[in-house]
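Trainee: Once you've had a glance at the structure underneath, I'll fire off some questions.
Number of protein chains: 2
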Amino acid sequence: MNFRGVVGNPLIEKLRAFVPFTEEDLRMLDELVVAEREVEARTDIIQEGDKPSDVHLVMSGFACRYKVLPGGKRNIMAYLIPGDFCDLHVFVLNEMDHSLATLSPCRVVAIPRARILQLLERPAIAKAFWIAALVDEATLREWLVNIGSRPAEERIAHLLCEMLLRLRAVGLANGDRYELPLTQNDLADTMGMSSVHMNRVLQQLRGEKLIEFQQHNLVILDFERLREFGNFNPNYLHLTQRALAANGNGV
Amino acid sequence: MNFRGVVGNPLIEKLRAFVPFTEEDLRMLDELVVAEREVEARTDIIQEGDKPSDVHLVMSGFACRYKVLPGGKRNIMAYLIPGDFCDLHVFVLNEMDHSLATLSPCRVVAIPRARILQLLERPAIAKAFWIAALVDEATLREWLVNIGSRPAEERIAHLLCEMLLRLRAVGLANGDRYELPLTQNDLADTMGMSSVHMNRVLQQLRGEKLIEFQQHNLVILDFERLREFGNFNPNYLHLTQRALAANGNGV
DNA sequence: CGAGCCCTTGAAACTCGTCAATGATCGTGG
DNA sequence: CCACGATCATTGACGAGTTTCAAGGGCTCG
Numbered sequence: 014m015n016f017r018g019v020v021g022n023p024l025i026e027k028l029r030a031f032v033p034f035t036e037e038d039l040r041m042l043d044e045l046v047v048a049e050r051e052v053e054a055r056t057d058i059i060q061e062g063d064k065p066s067d068v069h070l071v072m073s074g075f076a077c078r079y080k081v082l083p084g085g086k087r088n089i090m091a092y093l094i095p096g097d098f099c100d101l102h103v104f105v106l107n108e109m110d111h112s113l114a115t116l117s118p119c120r121v122v123a124i125p126r127a128r129i130l131q132l133l134e135r136p137a138i139a140k141a142f143w144i145a146a147l148v149d150e151a152t153l154r155e156w157l158v159n160i161g162s163r164p165a166e167e168r169i170a171h172l173l174c175e176m177l178l179r180l181r182a183v184g185l186a187n188g189d190r191y192e193l194p195l196t197q198n199d200l201a202d203t204m205g206m207s208s209v210h211m212n213r214v215l216q217q218l219r220g221e222k223l224i225e226f227q228q229h230n231l232v233i234l235d236f237e238r239l240r241e242f243g244n245f246n247p248n249y250l251h252l253t254q255r256a257l258a259a260n261g262n263g264v
Numbered sequence: 014m015n016f017r018g019v020v021g022n023p024l025i026e027k028l029r030a031f032v033p034f035t036e037e038d039l040r041m042l043d044e045l046v047v048a049e050r051e052v053e054a055r056t057d058i059i060q061e062g063d064k065p066s067d068v069h070l071v072m073s074g075f076a077c078r079y080k081v082l083p084g085g086k087r088n089i090m091a092y093l094i095p096g097d098f099c100d101l102h103v104f105v106l107n108e109m110d111h112s113l114a115t116l117s118p119c120r121v122v123a124i125p126r127a128r129i130l131q132l133l134e135r136p137a138i139a140k141a142f143w144i145a146a147l148v149d150e151a152t153l154r155e156w157l158v159n160i161g162s163r164p165a166e167e168r169i170a171h172l173l174c175e176m177l178l179r180l181r182a183v184g185l186a187n188g189d190r191y192e193l194p195l196t197q198n199d200l201a202d203t204m205g206m207s208s209v210h211m212n213r214v215l216q217q218l219r220g221e222k223l224i225e226f227q228q229h230n231l232v233i234l235d236f237e238r239l240r241e242f243g244n245f246n247p248n249y250l251h252l253t254q255r256a257l258a259a260n261g262n263g264v
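These protein sequences, in sequence, are chains A and B.
Mind the numbering: the first sequence is residues 14 to 264 in the working numbering, read in order.
Mind the numbering: the second sequence is residues 14 to 264 in the working numbering, read in order.
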């Protein structure tokens, strides 16, 4: 058998880094992906207050969790990239306490809760989902530290390192470069700073020859230096050695 | 039967706000609390890198999750109050990516994973644990917004409102006042600011007659105004109406 | 070709951090 | 019971980092 998943299903690529699967597990995970829906950029998937019934899975593109404060300031609390579940919460909480939206054009799958419950009966899959949820939480903690303690320049360096590893884990990095379909304003709303300052700080990072960033294409010119500068330790992503080392499947 | 839990077990008081339990559920939850251990203030419970085998539950006092950056700056990412599990993660991740420590003197229970697995077989308890974990995550998101978007004064107002509701939910608030056994330095490390600035901002809040804070006793003088000022919306705590309204069991 | 979004720049104001020193409080031991 | 040291709270002065406001330029798309 040759599952699409093995080469192109980001959910499977991601979860395989946590847990070994049987062929049957892989088949079930792959069958989860039916009726992909195209969602254009900057469109809400779910809004705060909604009582959703399906679980959403991102298959391509960038989405985010966000809240908007009364003043109108948007706050991005997480990026959702291919292979990420948006809202496994649905099972136990009856109301969304934040919103989800696409940032770039996305392909999204809506999975009925019943399907998820079926999958949870397979121990390997249940464990993989569990780990994925914990890694999301660990990432949240790391973002909290990042925003709370680091100056803007290091903060961005840290984020760019994290995104490299996460995208690599699902085969979406090409060496030390990847597509980052976000505006400077999106990045600013993520890092808790103004877009003006984000612009200046990105210029600094470019000036120091740490990165290039044009047309939504990010190139990390010296990962080791960027990692050191942003004080990035990937332990919180709980990736296997294999996934850490992988160079992405590139072209 | 009259369980200790019904009146004094914070774990039960907290979980009852999420899910209704049978007598048998209550009994099992109450029996979880054996061999309480006194831990003095400012002592690590688990450290980053450890591979723990037990799950820890706080029964009294304040503890926290934290990381320390290379420069030596400590970063508090969560407060753990009576009724909170420290590390349900243990089941699936093999290494702590952060540390846990007491802030005040605490009573802590160490629960073997096997005991937890037993409890998870009871649907109501499993659901309550699940919800508690999701609320922890939602709280983390809210802290991220808080630190990322609000000026220092509002940030603190928000935190103080949150702690009021959380402590009420486990019967540890007395009307609009509660014990907050933290130093200004602890608070500063939590809110991503210097202790000098924390001091000045607390003075402002006191000057505006929003709070009093002496001898580790916090009094919220005008909750409605503090809530409004800190832009606090408790939806992310997913408390029932009952728990929201409760005035704490006070004296 | 124009509209709209995004990136870029400058200047001024402000929030907040750092440094350094002084008080206040508390537990401990003499 | 008081002296002591340690921890914690407070204050002032200064500077760095960051925001805000405002405006101009570039690119893309209809």
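Glycine included, C-beta positions come from ideal geometry on N, C-alpha and C.
What you are looking at is a predicted structure, and each value in this text was computed from that prediction instead of being measured.
Would you decide whether residue 44 of chain A is buried or exposed? Buried here means 16 or more other CB atoms lie within 10 Å of its CB.
Mentor: For the purposes of this step, residue 44 of chain A is taken as residue 31 along the first sequence, with counting starting at 1. Residue 44 of chain A should be labelled exposed.
Trainee: Cβ of residue 173 of chain B within 9 Å of Cβ of residue 224 of chain B?
Mentor: Start at 1 with the first residue of the second sequence, and residue 173 of chain B comes out as number 160. Start at 1 with the first residue of the second sequence, and residue 224 of chain B comes out as number 211. Yes; because the gap between Cβ atoms is below 9 Å, this pair is in contact.
Trainee: Whose Cβ in chain B lies nearer than 9 Å to the Cβ of residue 211 of chain A?
Mentor: On the first sequence, residue 211 of chain A is found 198 positions in, with the first residue counted as 1. Within 9 Å Cβ-Cβ: nothing; residue 211 of chain A doesn't reach chain B, min ~13 Å.
Trainee: Judging by CA-CA distance, which residue of A:48, A:168, A:127 is the nearest neighbour of residue 203 of chain A?
Mentor: The residue labelled residue 203 of chain A in the question sits at position 190 within the first sequence. Among A:48, A:168, A:127, the Cα nearest to that of residue 203 of chain A is on A:168.
Trainee: Tell me, please, whether the CB atom of residue 27 of chain A is closer than 9 Å to any CB atom in chain B?
Mentor: Within the first sequence, residue 27 of chain A is the residue found at index 14, counting from 1. Chain B contact via Cβ: absent.
Trainee: Check whether the Cβ of residue 204 of chain B lies closer than 9 Å to any Cβ atom in chain A.
Mentor: Translated into the one-based positions of the second sequence, residue 204 of chain B becomes position 191. Yes, residue 204 of chain B lies at the interface with chain A (some Cβ there is under 9 Å from its Cβ).
Trainee: Starting from the beta carbon of residue 151 of chain A, find every residue of chain B whose beta carbon is closer than 7 Å, and list them in chain order.
Mentor: As a first step, residue 151 of chain A is located in the first sequence; it is residue number 138 there, counting from the start. Near residue 151 of chain A (Cβ distances below 7 Å), the residues of chain B are 110.
Trainee: Quick check on residue 85 of chain B: buried or exposed, where buried means 16 or more other Cβ atoms within 10 Å of its Cβ?
Mentor: What you label residue 85 of chain B is simply residue 72 of the second sequence in a count that begins at 1. Residue 85 of chain B should be labelled exposed.
Trainee: For the alpha helix (DSSP H) holding residue 174 of chain B, just list the boundary residues, first then last.
Mentor: Position 161 of the second sequence, counted from the first residue, corresponds to residue 174 of chain B. It spans 165 to 182 - the alpha helix (DSSP H) in which residue 174 of chain B sits, taken as one unbroken run.
Trainee: Does residue 26 of chain A come out as helix, strand or coil in the three-state DSSP assignment?
Mentor: Residue 26 of chain A sits at position 13 when you count from the first residue of the first sequence. The answer is helix: DSSP assigns residue 26 of chain A an H, G or I state.
Trainee: Going along chain A, which residues have a C-beta under 9 Å from residue 160 of chain B?
Mentor: As a first step, residue 160 of chain B is located in the second sequence; it is residue number 147 there, counting from the start. Neighbours of residue 160 of chain B on chain A, chain order: 157, 160, 161, 205.
Trainee: According to DSSP, is residue 247 of chain A helix, strand or coil?
Mentor: The residue you call residue 247 of chain A lines up with position 234 of the first sequence. Helix, per DSSP.
Trainee: Going by the C-beta, is residue 147 of chain A closer than 8 Å to any heavy atom of the ligand ZN?
Mentor: As presented, the structure is devoid of all ligands, the ligand ZN included, so that no description of it is given.
Trainee: Exposed or buried, what is residue 64 of chain B when buried is set at 16 or more other beta-carbons lying within 10 Å of its beta-carbon?
Mentor: Here residue 64 of chain B is taken as the residue at index 51 of the second sequence, counted from 1. Exposed, because fewer than 16 other Cβ atoms sit within 10 Å of the Cβ of residue 64 of chain B.
Trainee: Can residue 229 of chain A and residue 194 of chain A be called in contact, C-beta distance under 9 Å?
Mentor: Indexing the first sequence from 1 puts residue 229 of chain A at position 216. Indexing the first sequence from 1 puts residue 194 of chain A at position 181. Yes.
Trainee: Less than 9 Å between CB atoms is the rule here; does residue 102 of chain A satisfy it with respect to chain B?
Mentor: Reading the first sequence from its first residue, position 89 is the one you call residue 102 of chain A. It does; some Cβ of chain B falls within 9 Å.
Trainee: If you draw a straight line from the alpha carbon of residue 91 of chain A to that of residue 70 of chain A, how long is it in whole angstroms?
Mentor: Indexing the first sequence from 1 puts residue 91 of chain A at position 78. Indexing the first sequence from 1 puts residue 70 of chain A at position 57. Roughly 14 Å separates the two Cα atoms.
Trainee: Would you tell me roughly how many angstroms separate the C-alpha atoms of residue 138 of chain A and residue 27 of chain A, rounded to the nearest one?
Mentor: For the purposes of this step, residue 138 of chain A is taken as residue 125 along the first sequence, with counting starting at 1. For the purposes of this step, residue 27 of chain A is taken as residue 14 along the first sequence, with counting starting at 1. Distance between the alpha carbons of residue 138 of chain A and residue 27 of chain A: 12 Å.
Trainee: Where residue 108 of chain B and residue 57 of chain B are concerned, what is the direct C-alpha to C-alpha distance, given to the nearest angstrom?
Mentor: Working through the second sequence from its first residue, we reach residue 108 of chain B at position 95. Working through the second sequence from its first residue, we reach residue 57 of chain B at position 44. Those two C-alpha atoms are separated by around 16 Å.
Trainee: So which residues on chain A does residue 265 of chain B lean against when the C-beta distance must stay under 8 Å?
Mentor: No answer is possible for residue 265 of chain B: it lies beyond the span of chain B, which begins at 14 and ends at 264.
Trainee: Please decide whether residue 251 of chain A counts as near chain B, where near means a Cβ-Cβ distance under 9 Å.
Mentor: Within the first sequence, the letter at position 238 stands for residue 251 of chain A. At least one chain B Cβ lies under 9 Å of residue 251 of chain A.
Trainee: Could you give the distance in angstroms between the alpha-carbon of residue 23 of chain B and the alpha-carbon of residue 120 of chain B?
Mentor: As a first step, residue 23 of chain B must be located in the second sequence, where it is residue number 10. As a first step, residue 120 of chain B must be located in the second sequence, where it is residue number 107. Approximately 12 Å, taken between the alpha carbons.
Trainee: Give a yes or no on whether the C-beta atoms belonging to residue 157 of chain B and residue 163 of chain A are separated by under 9 Å.
Mentor: To locate residue 157 of chain B, count along the second sequence from 1; it is residue 144. To locate residue 163 of chain A, count along the first sequence from 1; it is residue 150. In this structure, residue 163 of chain A does not lie closer than 9 Å to residue 157 of chain B by Cβ.
Trainee: Would residue 240 of chain A pass as an interface residue toward chain B - the criterion being a Cβ-Cβ separation below 9 Å?
Mentor: Locating residue 240 of chain A in the first sequence gives position 227, where the first residue counts as 1. So, not an interface residue.
Trainee: Just to confirm my understanding: we take residue 100 of chain B, look at its own chain, exclude 5 residues before and 5 after, and list those with CB closer than 8 Å. What are they?
Mentor: Against the second sequence, residue 100 of chain B aligns to sequence position 87. Correct list, in chain order: 59, 65, 68, 69, 109, 113.
Trainee: Decide if residue 50 of chain B is buried, meaning its Cβ has at least 16 other Cβ atoms within 10 Å, or exposed.
Mentor: Position 37 of the second sequence, counting from 1, holds the residue named residue 50 of chain B. With fewer than 16 other Cβ atoms within 10 Å, it is exposed.
Trainee: Out of A:25, A:21, A:30, which has the shortest C-alpha to C-alpha gap to residue 255 of chain A?
Mentor: Against the first sequence, residue 255 of chain A aligns to sequence position 242. Ranking A:25, A:21, A:30 by Cα distance to residue 255 of chain A puts A:30 first.
Trainee: Suppose the cutoff is 8 Å on Cβ atoms and the five residues either side in sequence are ignored; what does the same chain contact list for residue 235 of chain A look like?
Mentor: Sequence index remark: in the first sequence, residue 235 of chain A carries index 222 (1-based). Counting only Cβ-Cβ distances below 8 Å, and skipping sequence neighbours, we find 222, 223.
Trainee: Does residue 262 of chain B get closer than 9 Å to chain A when you measure Cβ to Cβ?
Mentor: One-based indexing of the second sequence puts residue 262 of chain B at position 249. Note that residue 262 of chain B has pLDDT 48, beneath the 50 cutoff, so the model's placement of it is unreliable and the number below is only indicative. Not one chain A Cβ lies under 9 Å of residue 262 of chain B.
Trainee: Along the chain, where does the alpha helix (DSSP H) that runs through residue 211 of chain B open and close?
Mentor: If you number the second sequence from 1, residue 211 of chain B lands on position 198. First-last of the alpha helix (DSSP H) with residue 211 of chain B: 208 to 220.
Trainee: DSSP on residue 227 of chain A, reduced to helix/strand/coil?
Mentor: Numbered from 1 along the first sequence, position 214 holds the residue referred to as residue 227 of chain A. It is a strand residue.
Trainee: Closest to residue 143 of chain B by C-alpha separation, out of A:80, A:103, A:33, would be which residue?
Mentor: Taking the second sequence and counting its residues from 1, one reaches residue 143 of chain B at position 130. Nearest option by C-alpha distance: A:103.
Trainee: On a CA-only basis, which of A:246, A:105, A:95, A:241 is nearest residue 185 of chain A? Give me that one, please.
Mentor: Sequence index remark: in the first sequence, residue 185 of chain A carries index 172 (1-based). Out of A:246, A:105, A:95, A:241, A:95 has the C-alpha closest to the C-alpha of residue 185 of chain A.
Trainee: So residue 215 of chain A packs on residue 197 of chain A, CB below 8 Å; how close in whole Å?
Mentor: The residue you call residue 215 of chain A lines up with position 202 of the first sequence. The residue you call residue 197 of chain A lines up with position 184 of the first sequence. Their Cβ separation, rounded to whole angstroms, is 7 Å, which keeps residue 215 of chain A and residue 197 of chain A in contact under 8 Å.
Trainee: Write down the C-beta distance between residue 175 of chain B and residue 245 of chain B rounded to the nearest angstrom, noting that I regard them as a contact closer than 8 Å.
Mentor: Against the second sequence, residue 175 of chain B aligns to sequence position 162. Against the second sequence, residue 245 of chain B aligns to sequence position 232. Going by Cβ atoms, the distance from residue 175 of chain B to residue 245 of chain B rounds to 7 Å, so yes, they are a contact pair.
Trainee: State the Cα-Cα distance for the pair residue 134 of chain B and residue 218 of chain A, rounded to the nearest angstrom.
Mentor: In the second sequence, counting from the first residue as 1, residue 134 of chain B sits at position 121. In the first sequence, counting from the first residue as 1, residue 218 of chain A sits at position 205. One C-alpha to the other measures close to 52 Å.
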